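First the structure, in the form of structure tokens, and then the observations on it.
Residue numbers (my numbering): 1462 to 1640.
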């Protein structure tokens, strides 16, 4: 049994439904990242947001970018952030975080930004959508390691510096009470 191309009741395709589900999950997780009080849960919501973004990349036909999203952002950056938070967070945390005291100015800035985006979307003459273009991993790797090798190496050095800094901070904070 095969699924129909469009959903009979709603009138749009399964790809559209999946896109809307992933977009809603990403937006919901992003809102949780900036509104929750517990920073560990914020980090976990960030992982959900990155996962939904990887799903959107797969829908767009960019499977190599989706794999990089999962490996780099979910596998490395999110885990690094969570470990850094767990290693450096003190038990005497403030009752209200700094960014939560700026909720009203942030809401005004978000409303202005949403208005600007809505005006831009409404004023744009959107052309008909084209077909998905699949890029082979070989072509992408050739471009990355030939044309963009400097940027690739700079990012690797920055990630290495972040790991070394996290280990240094964890070791310094843990070693203060033992001397």
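Glycine included, each C-beta is placed from N, C-alpha and C at the ideal position.
Keep in mind the model is a prediction, meaning the values are calculated, not measured.
Verify the contact flag: residue 1600, CB atom, against every heavy atom of the ligand MG, threshold strictly below 7 Å.
-> Of ligands this structure carries none, so the ligand MG is not represented either.
Using the Cα positions of residue 1633 and residue 1569, report the straight-line distance between them to the nearest angstrom.
-> As a working note, residue 1633 is residue 172 in the chain shown. As a working note, residue 1569 is residue 108 in the chain shown. The C-alpha of residue 1569 is placed about 40 Å away from the C-alpha of residue 1633.
Could you name the residues that DSSP lists as bridge partners for residue 1474?
-> The residue given as residue 1474 occupies position 13 in the chain shown. Answer by DSSP bridge pairing, in chain order: 1467.
Answer with buried or exposed for residue 1518, where buried requires no fewer than 16 other C-beta atoms within 10 angstroms of its C-beta.
-> Locating residue 1518 in the chain shown gives position 57, counting from the first residue. By the neighbour-count rule (16 or more Cβ atoms within 10 Å), residue 1518 is buried.
Is residue 1502 helix, strand or coil when you go by DSSP?
-> As a first step, residue 1502 is located in the chain shown; it is residue number 41 there, counting from the start. Helix.
When you compare only the Cα positions, how much space is there between residue 1473 and residue 1486?
-> Reading the chain shown from its first residue, position 12 is the one you call residue 1473. Reading the chain shown from its first residue, position 25 is the one you call residue 1486. Distance between the alpha carbons of residue 1473 and residue 1486: 19 Å.
Evaluate the contact criterion for the stretch 1532-1540 versus the stretch 1603-1610: three or more CB pairs, one atom per stretch, below 8 Å.
-> Under the Cβ criterion (8 Å, minimum of three pairs), the stretch 1532-1540 does not count as touching the stretch 1603-1610.
Among 1511, 1616 and 1620, which residue has its Cα nearest to the Cα of residue 1494?
-> Counting from 1 along the chain shown, the entry for residue 1494 is found at position 33. Residue 1494 has its Cα closest to that of 1511, out of 1511, 1616 and 1620.
Residue 1476 and residue 1520 closer than 8 Å at C-beta = As a first step, residue 1476 is located in the chain shown; it is residue number 15 there, counting from the start. As a first step, residue 1520 is located in the chain shown; it is residue number 59 there, counting from the start. Between residue 1476 and residue 1520, the CB-CB gap stays under 8 Å.
Do residue 1505 and residue 1627 come within 8 Å of each other at the CB atom, strictly closer than that value?
-> Position 166 of the chain shown holds residue 1627. Position 44 of the chain shown holds residue 1505. Going by C-beta atoms, residue 1627 is not nearer than 8 Å to residue 1505.
Run of the alpha helix (DSSP H) containing residue 1564, from where it starts to where it stops | Within the chain shown, residue 1564 is the residue found at index 103, counting from 1. That run of the alpha helix (DSSP H) goes 1564-1584.
Pull up the distance between the alpha-carbon of residue 1545 and that of residue 1606, whole angstroms please.
-> Residue mapping note: residue 1545 aligns to position 84 of the chain shown, counting from 1. Residue mapping note: residue 1606 aligns to position 145 of the chain shown, counting from 1. Cα-Cα distance, rounded: 30 Å.
Three-state secondary structure assigned by DSSP to residue 1609 | As a first step, residue 1609 is located in the chain shown; it is residue number 148 there, counting from the start. Three-state result, residue 1609: coil.
Which residue's Cα is closest to the Cα of residue 1500: 1619, 1576, 1572 and 1543?
-> For the purposes of this step, residue 1500 is taken as the residue at position 39 of the chain shown. For residue 1500, the nearest C-alpha among the options comes from 1543.
Whole angstroms is fine: what's the gap from residue 1552's alpha carbon to residue 1481's?
-> Start at 1 with the first residue of the chain shown, and residue 1552 comes out as number 91. Start at 1 with the first residue of the chain shown, and residue 1481 comes out as number 20. Only weak support is given to the placement of residue 1552: the predicted model assigns it a pLDDT of 49, under 50, and the question is left unresolved by the model.
What do you get for residue 1508, buried or exposed, if any count of 16 or more other CB atoms within 10 angstroms of its CB means buried?
-> Indexing the chain shown from 1 puts residue 1508 at position 47. Classification of residue 1508: buried, given that the 10 Å Cβ count is 16 or more.
Run through DSSP, which three-state label would residue 1597 get?
-> As a first step, residue 1597 must be located in the chain shown, where it is residue number 136. Residue state, collapsed to three classes: coil.
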